[in-house]
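>
Protein chains in written order, with the numbering used here: chain Y, 1 to 290; chain B, 291 to 580.
#1: Given residue 310 of chain B, which residues of its chain have a CB within under 7 Å of its CB, disregarding the five upstream and five downstream residues?
#2: What number of angstroms, rounded off, separates the C-alpha of residue 40 of chain Y from the C-alpha of residue 192 of chain Y?
#3: Helix or strand or just coil, what does DSSP make of residue 278 of chain Y?
#4: Taking 8 Å as the limit between beta carbons, can you name the residues of its chain near residue 499 of chain B, skipping five residues before and five after?
#5: Could you pull out every residue in the same chain whose Cβ sits closer than 7 Å to the Cβ of residue 267 of chain B, ignoring the five residues on either side in sequence?
#6: Cβ closer than 8 Å: which chain B residues qualify as neighbours of residue 269 of chain Y?
#7: With DSSP run on the structure shown, which of helix, strand or coil describes residue 484 of chain B?
#8: Who are the near neighbours of residue 348 of chain B in its chain, counting only those whose CB is closer than 8 Å to its CB and skipping five residues on each side?
#9: Can you list, in chain order, the residues of its chain with a C-beta nearer than 6 Å to that of residue 275 of chain Y? Leave out the 5 residues immediately preceding and following it.
#10: Would you grab the beta carbon distance between residue 254 of chain Y and residue 151 of chain Y for me? Rounded to a whole angstrom, and I think it's under 8 Å.
#11: When the Cα atoms are used, what is the spatial distance from residue 185 of chain Y to residue 457 of chain B?
#12: Are three or more beta carbon pairs between the region 244 to 264 of chain Y and the region 292 to 307 of chain B nearer than 8 Å?
#13: Leaving aside the five residues before and after residue 504 of chain B along the sequence, list all residues of the same chain whose C-beta is less than 6 Å from its C-beta, in chain order.
#14: How do the region 355 to 368 of chain B and the region 420 to 428 of chain B stand: do at least 3 beta-carbon pairs fall below 8 Å, yes or no?
#15: What does residue 568 of chain B reach in chain Y if we use C-beta pairs closer than 8 Å?
#16: Starting from the beta carbon of residue 350 of chain B, find every residue of chain Y whose beta carbon is closer than 8 Å, and list them in chain order.
#17: From the beta carbon of residue 281 of chain Y, is the nearest beta carbon of chain B less than 8 Å away?
#18: May I ask you to list the residues that DSSP assigns as paired with residue 8 of chain Y?
#19: Quick check on the burial criterion: 16 or more other C-beta atoms within 10 angstroms. Buried or exposed for residue 569 of chain B?
#20: Please name the residue or residues paired with residue 168 of chain Y in a DSSP beta bridge.
#21: Helix, strand or coil for residue 2 of chain Y, going by three-state DSSP, please let me know.
#22: Rounded to whole angstroms, what's the CA-CA distance from residue 127 of chain Y to residue 24 of chain Y? Just pull it up for me.
#23: Please state if the CB of residue 164 of chain Y and the CB of residue 155 of chain Y are separated by a distance shorter than 8 Å.
#24: On a Cα-Cα basis, can you pick out the residue from Y:190, Y:44, Y:160, Y:198 that is closest to residue 146 of chain Y?
#25: Taking beta-carbon pairs under 7 Å, can you tell me which members of the region 377 to 391 of chain B lie near chain Y?
#26: For the beta strand (DSSP E) containing residue 85 of chain Y, name the first residue and the last one.
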């Protein structure tokens, strides 16, 4: 038997957040706010009966370690002996705050559930992806909002059933600009001083945003978070400030990158002086089978 | 003892080319024409006495296989027992026709020669990088022009001493747009039908360009090469055609990408509808120690 499932999960940017530690990875996570991107990860899962279990992962046609995706595939396959091929395609770079590991994990969970005919509840698939992302230390809060689409306000951390998330449909063109080297989430979250700064600054800003959530305030409050936590380097701060002439930009957490909305042509000219640029929209649908 | 060397090698785009096979990797290569990019690979080589030899490669702070770089480092280190660390940084994507493997290999050769105090002749370092790139099948003609800078016309293939290359200094702003998935050089060059098409179309075009080399003709002849070889997919062809309103663009061989020169703002707006964008200039210096 050979069977196949295919799914898309949007990328996700976070403007500001707060870390919530917990011994259970389904309860651990982050509070915060962000946006789903029309650029994301598209995954085909192909399974075939085989004498022993194997999981093979190709990202953009290249064999990858992709630890989160690997573990999600192993969890869903269980002890059954299948040859599993996970073929993911994405135009987004990793470790730049675009939620690629989360989108790869969740699109894999949806596609593989379909290919294996498991019929697991959607919330369980989202929970497996969230839990695995947390266990691997590659992210805390992208999976759940990426499953939902739109602009998100995450009021309680964790997997579905434990988290509390409000989402707001948004129609906006976005620019994504990568301005510096990769910023692996793991490295930042291992630094207690950085986590302390994130939580000291992030908590009150989430409360402030929750009183009147809007796309403009997502950017404005994100700017304060980027500056006050010290996570933004001088280039990112310069670009954020210069963007105000033409719209709004804020740092994509956690990456040396920004996302922006406004007069795209002028913003593009500005960003091309500093780095790599992509255009997209807000995805209001969330992760889905194709 | 710990010592360090640091080098930069420009990226390199090819507009059209012809494959020259030969049993000797120093003679094998390509004829063709292209441009050196102010974006490239910056490499620090760090060596330390150690009980046994080891080579460790980080690209953008991430451990990578980087076969070409690994082999170059092994060749230069020889049988001496050193702990070698190669730290490369690049904003350019791989397998998109920007000569990243060549730039990584040549910057490594220069930096490691300096760190080890070998004092090998520059031509020998360029030859080692060329030969290794050819052995690995990751490229045929980027190393030598990237060592020189400017716009290049490669009249005879191979390493320095065997090749014949003319270079022309060029002052131009360039846009680099990635429009589709990676196109590993190895995959294309393994396909005899593609190589036959490349050589049938490429040979006469190189001759035509050599009669009157200019930046404009590099683009115009590149357009014919991209179209007549069938290497360009419909998106690349559409983007090349649409670019004529604002300047000139042609396909970066071998990648699902284009490089362009002209009215940057309008070109940028166009390209952002299709993919990822970077800006740079022509590098007229070539690979160098820093």
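Glycine included, every Cβ here is placed at the ideal spot set by N, Cα and C.
Small disclaimer: the values here were computed from a predicted structure and weren't measured.
For this structure:
#1: 318, 319, 320, 321, 447
#2: 30 Å
#3: strand
#4: 306, 323, 443, 507, 508, 511
#5: Absent from the model: residue 267 of chain B. The displayed extent of chain B is 291 to 580, so no value can be given.
#6: 554, 555, 558
#7: helix
#8: 354, 375, 376, 377, 378
#9: 177, 178, 179
#10: Going by Cβ atoms, the distance from residue 254 of chain Y to residue 151 of chain Y rounds to 19 Å, so no, they are not a contact pair.
#11: 44 Å
#12: no
#13: none
#14: yes
#15: 272, 275, 276, 277
#16: 181, 182
#17: no
#18: Y:42, Y:288
#19: buried
#20: Y:151
#21: strand
#22: 12 Å
#23: yes
#24: Y:160
#25: 379, 381
#26: 82 to 89
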